[in-house]
Every structure is written in C-alpha cells, then in structure tokens.
Amino acid sequence: MAAGERARQSRSVVQDVVSKVQRAWGESPFYQAQLKGPAPDRLIFLPVDPRTPDRALGEAVLKGRLTIGANTIDCEGELEKVWDLAAPGSQLYSFLHEFSWLRHIDALGESSAAPARALTRAWLNRFERWSPEAWEPFLAGERLAQLCCHSPLLLRGADALWRSRLLTSMARQTRHLARASHRAATGYERLMTALGLSLASLCLPGCAEETERGLELLRRELRLQIRPDGGHVSRNPSQQLSIVLRLQMVMKALEARRLQVPAFIKHTIGRAAANVQFFRAGDGRLAVFNGGYEDDSRAVLAALQSVDPDGAPTAFARQTGFQRLEAARAVVIADVSAFPASGRYESAGSFHFSSGRSRIVVNCGSGAHLPGDWARVLCQAAAHSTLSAEAPSAALGAGGSATHRRAEDARGQLLEIDRAFGEEGREGPRFLRRLFLSISGDDLRGEDRFVDLPPAIAGSWRLRFHLHPGVRASLARDGKSVILALPNREGWRFRANAPSLRIEKSIYCGEGGLPVATEQIVLGPSGLEARESGDMVIKWAFRRVDAVGAGDSKTSAGS
C-alpha cells in the first residue's frame, strides 16, 4: 500500500474517532448542563437584514414545495415534514437549518407568522437538543443571525410559553457556539461563526461572557483572513459581501448597547467594504469570480455604507490579486493572480467586462451547489474567460507565477499580465495578456501572446470569452467577427485575427441557481495547423457599434 493511501486511511480513522467522541460528548448530560443559563425574556437589539427577500421563494416554502440548488421536496400539504426530507450536507439542508427561509417568509406579511411559528416549532421538536448536523457551528451561527433579524415575525402576538421556549433555545445555541465555533469546517465558516456568535450574544441579555468569547474569536479570524487591501483570503466576492454585512450588524449592535466598538472592527470594516465596491459591476451586483455569484444589489449598496467617504475608490486590490479598469460606462475586472493551488479556481488571466447595466464577458460561476462533477468542472480554466488547453492540464505545468503592470494616459488604461507556467526556477511556457480600455469606454482591445508553447499546447490552445445569458451573439457573414446585442440595446462587434473563430454553447451559474444556457466565443488554432513549438500572438477587440443590422449576422451556437 502506498504511503499516501496509508496516510489518508489514518486521517480517516482519526476523524471518525474524533467525530464519535464529539457526538458522545454533545449528547451527554454533562454538555447539556453547560448550555443552561439565564432564560432571556426579550431581545435587546434587533439587527436589520439588508438582503432582498424573494416572495416567490417564501410562498414556495409555505406550500412545502420548493427547489434549492439541485434538491426538490414536496411535503404534500404537511409543512412540518420539510425537516425530515432534507438530507444532511445538501444545499437544501443548509437553507432550511440556517433559517434563511425566514427572510423570504417575513416579506409576505402578517399572514405568514403562524406558518413561520409552526415551522420553527417543528424544528425545536426535532432539534432542540444538540445534534451533530443541525448544530454544526456554521449552521448554528447563521440560524441565530436570522432568528435575531426576524424574531418579531415569530414572537409578535405569541403566548409567553412559546416566547420563553424560542428565546431559551437561542440562548442555548449561543452558549454552544461559544464552545464550538472553532470547530467550523473552513476558515470562512469560522469567521462567519464568530460573527454569528458575537451578534447573537449582543442581542440576547445575560450573554456577556459569550460576547467576550465571540469578539476574541472574531479578532483572531479577521487577522488571519482579511488581507491588507481588505480582501478575504478566499478571493470570493460573495463571501466578502457576507462578511461586511455581518460586521455591520455586530458594529451596530455594539453601538446600540453603548459598548465600545473594538478598534480591530473599525479598522477592518472600511477596507473590507471598499473591496466589495471594487467588485461592483455596472448593474450594482458583483462580478463573478472564485465561487462567488452576482448576488444582491441592495445588499451590495448596504455594504458600501461602510466605505470611507473621503477615500478614493481603489483600482487595484494588490494582495487579493485583481485590477479594475473603468471608463465611461465600461468596467473591466481582471484576475492578475498566479496559477492556483490544486482544487482552486483556475481563473488567472480571466476578466469580467460590462457596459452600463449589461454584462458582456463573464466567468461561468460556481458549481459548489450542484451535484456530481459540476464543482470540479467549473473550477477549470475552460470555465473562465482566459487561456485553456484541450490537452491535459499537466502540459501547462503545475503551479507558476504571475506579474502585471498598469499604465494610464489620455487615450485610456492599459493592463499587462504575464503568467509563467511551471515550477519556480525552471523555464516553461508563458501567457502574456494585454488589455486596453479606451477613455470613451467603447473599445476594449486585447493582445494574447503565447511564448515557448510545448507541442501539446500549440495545436490545442483555446481563448474563451464566455458571454452573459443576456447577450445575443451572431457570427458575422464574413466569418471573422461576432455581432453582440446587449439587453440595454447596445451593439458590440468582436473581431480577432485567430486562425479559428467560433461561437459555442456554454453555461452560466453566476446567479446561484441551476445552470443557464448561454454562449461563448472561442478562438483557437485551425484544424490544419500543426506546430512543434514556438510563439504566437492573437489580437482581438470588442468595439461598440451604433446599430446592429439583421443582415450583418448569419448564425449562432444555438441555431
């Protein structure tokens, strides 16, 4: 047996033993006794949930027929059965046990109060005592945050017995988090759990010790995870937004309690909010990178309230590894980082391009919420608007480095990205991308140079430009350009000097739901081309046109 396999099996055995010990301890009367404490009679602060509710989703929850990600359930009229139908580990399970549904039900008005209480009571009947899945730290932290925000829906007009039961459960879960938050599965989840603990303990009376513990955990996780430019180590704009929104809640709770806001929160929140602003596209939502989604424009706007009004908007997230070009109505956000570690998004060199409120070039998004192989496939370079290869990825070399340079003048802004593939200290292929955005914002030009291409790549490289589903693409009659019609009624023309230019089918998961059909422009070598090795330069451009005539185009990937 290989050493790696033995190590993997050893880790699995250790994890299994630890899990069994934690379950035995959590279910023991000794641990249950530690969760006892003063029973709160009210919430002393009510945070505001800044995210936009989905009334249709709220109605689906109340009907007991809903689809979350790839999971669909139908309670057949028995609403309480939702807790028995969701499988642990699924996106539906997380949605339900985080109590994210409260936001959407709350938007339906007073008529939703009774079914919301019934759903919550059914959860308490099943999970009031510690459960390894339902009380997992991240889920518990998110659940407490939602309960704090939407407790008026559950408590208004309710009797004293129900009020006491719900608030006592919230206090028990808060004490549990104070003891278990460090066991959250990932760095991001540890940070959000620390924020959930801090918020809940500030909203509930009699939780001073839990507040102290939560703020100490928060201080540590922010120091470990927020980079000097304010970006989170995940480089995920959606996670960045969630962190800022929760930091705002904690800060407002401290101020409402007339407690001193720790300096580390004041120091972090402005930088982190500026990083959210960096990723904001023309439609008010977020550019899609590294597992993030377009997200909620109202929530983005709320996060921007913490941006320093005297600070100039940044065009370079140095430590996070992104550059932003902006002119008139056009916005380009480019990933200038090095090649990722194994299992991460291969987005280096990719870019997002929008004009006004219309997105043009995007990345495919995240498949983390989808079943099967989606998550792995959408991490690959081919799911991003950058260079990829049909040959095995090993042909490009493992690891690599990247440098970049930016310049501006009266004509526009220039960004140069130089990616070197292969191990440090060894010569390997290089990919140099130059992006130029004109001062008028109606001309985005690119030059992609391949240096020292190995034979496996020379005949199989692809330059992909994934298009947003709102864009209609048609191959022009000359076969050398693509006509793009945008939802805002703008017309754009894409040209390139590549040996092969095609429109192919693509998918888009940037909205967080099921994959949406879209198209991509693909540049590549001609079918007859066979290169041993060497260099190649491909030039391309997106230019806005005054009008798109029906006679200009002949076909698209869907025709």
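Here this note's numbering is used: the first residue of the sequence shown is -18, the next is one more, and so on.
Note that beta-carbon positions come from the ideal geometry of N, C-alpha and C, so glycine has one too.
{"query": "Contact check, L176 vs L199, beta carbons under 8 Å", "result": "yes"}
{"query": "Extent of the continuous alpha helix (DSSP H) run through A293", "result": "Where A293 is concerned, there is no enclosing alpha helix (DSSP H), given that its DSSP letter is neither H nor E."}
{"query": "Beta carbon of A437 nearer than 8 Å to that of R476", "result": "no"}
{"query": "Start-to-end residues for the alpha helix (DSSP H) that takes in A234", "result": "218 to 237"}
{"query": "Buried versus exposed call for A95 [16 or more other C-beta atoms within 10 Å across all chains shown]", "result": "exposed"}
{"query": "Close Cβ partners of Q72 (< 8 Å) along its chain, the five nearest in sequence each way excluded", "result": "I49, G50, A51, N52, H350"}
{"query": "Sheet register partners of Y74 (DSSP bridge)", "result": "DSSP output for Y74 lists no bridge partner at all."}
{"query": "8 Å Cβ shell around H325 - same chain, five flanking residues per side excluded", "result": "Looking at the sequence itself, residue 325 is Arg, so the reference to His does not match. These residues qualify, in order along the chain: N271, C360."}
{"query": "Cα-Cα separation between L105 and H85, rounded to whole angstroms", "result": "20 Å"}
{"query": "Distance between F26 and V358 (C-alpha atoms, nearest Å)", "result": "44 Å"}
{"query": "Any 3 or more C-beta pairs closer than 8 Å across the stretch 207 to 220 and the stretch 256 to 273", "result": "yes"}
{"query": "Three-state secondary structure assigned by DSSP to I519", "result": "strand"}
{"query": "Cβ separation of I207 and A253, assumed to be a contact under 8 Å, to the nearest whole Å", "result": "6 Å"}
{"query": "First through last residue of the alpha helix (DSSP H) which encompasses E123", "result": "118 to 136"}
{"query": "Residues of its chain near S331, where Cβ-Cβ distance is below 6 Å and the 5 sequence neighbours each way are ignored", "result": "D316, N344, H365, S366, T367"}
{"query": "Where S93 falls, given that 16 or more other Cβ within 10 Å makes a residue buried", "result": "buried"}
{"query": "Contact between the stretch 187 to 196 and the stretch 276 to 291 (3+ Cβ pairs under 8 Å)", "result": "no"}
{"query": "Inter-residue CB distance, S487 and Q501 (contact presumed, cutoff 8 Å)", "result": "4 Å"}
{"query": "Buried/exposed call for R525, threshold 16 Cβ in 10 Å", "result": "buried"}
{"query": "Short Cβ contact (8 Å threshold) for A383 with R400", "result": "yes"}
{"query": "Alpha-carbon spacing of L16 relative to R153, whole angstroms", "result": "5 Å"}
{"query": "Integer-rounded CB distance, given that A479 should sit under 8 Å from L504", "result": "4 Å"}
{"query": "L148, DSSP secondary structure in three states", "result": "helix"}
{"query": "Range of the contiguous beta strand (DSSP E) that encloses F431", "result": "424 to 434"}
{"query": "Cβ-Cβ distance between A67 and L77 below 8 Å", "result": "yes"}
{"query": "Beta-bridge pairing of I438 - partner residues as DSSP gives them", "result": "Looking at the DSSP assignment, I438 forms no beta bridge with any residue, so it has no partner."}
{"query": "Contact under 8 Å by Cβ, D516 with F431", "result": "yes"}
{"query": "Backbone secondary structure at M300 - three-state DSSP", "result": "At residue 300 the sequence reads Gln, which differs from the Met that was named. Looking at Q300 - three-state DSSP - the assignment turns out to be coil, as it is neither helix nor strand."}
{"query": "Buried versus exposed, by CB contacts within 10 Å (16 or more), R23", "result": "exposed"}
{"query": "Cβ contact check for the stretch 259 to 271 and the stretch 232 to 251: 3 or more pairs under 8 Å", "result": "no"}
{"query": "Beta-bridge pairing of H163 - partner residues as DSSP gives them", "result": "Paired residue(s): none; H163 is not in a bridge."}
{"query": "As assigned by DSSP and simplified to three states, the class of L509", "result": "At L509, the pLDDT of 46 sits below 50, so the modelled position is not reliable; the number obtained from the coordinates is stated separately. L509: coil per DSSP, three-state reduction."}
{"query": "Sequence-distant residues of the same chain with beta carbon closer than 8 Å to R443, five excluded per side", "result": "A363, L368, S369, A370, E371, V503, L504, G505"}
{"query": "Three-state secondary structure (DSSP) of R208", "result": "coil"}
{"query": "Cβ neighbours of H449 in the same chain (closer than 6 Å, five flanking residues each side left out)", "result": "R340, V343"}
{"query": "V63 beta carbon less than 8 Å from that of G39", "result": "no"}
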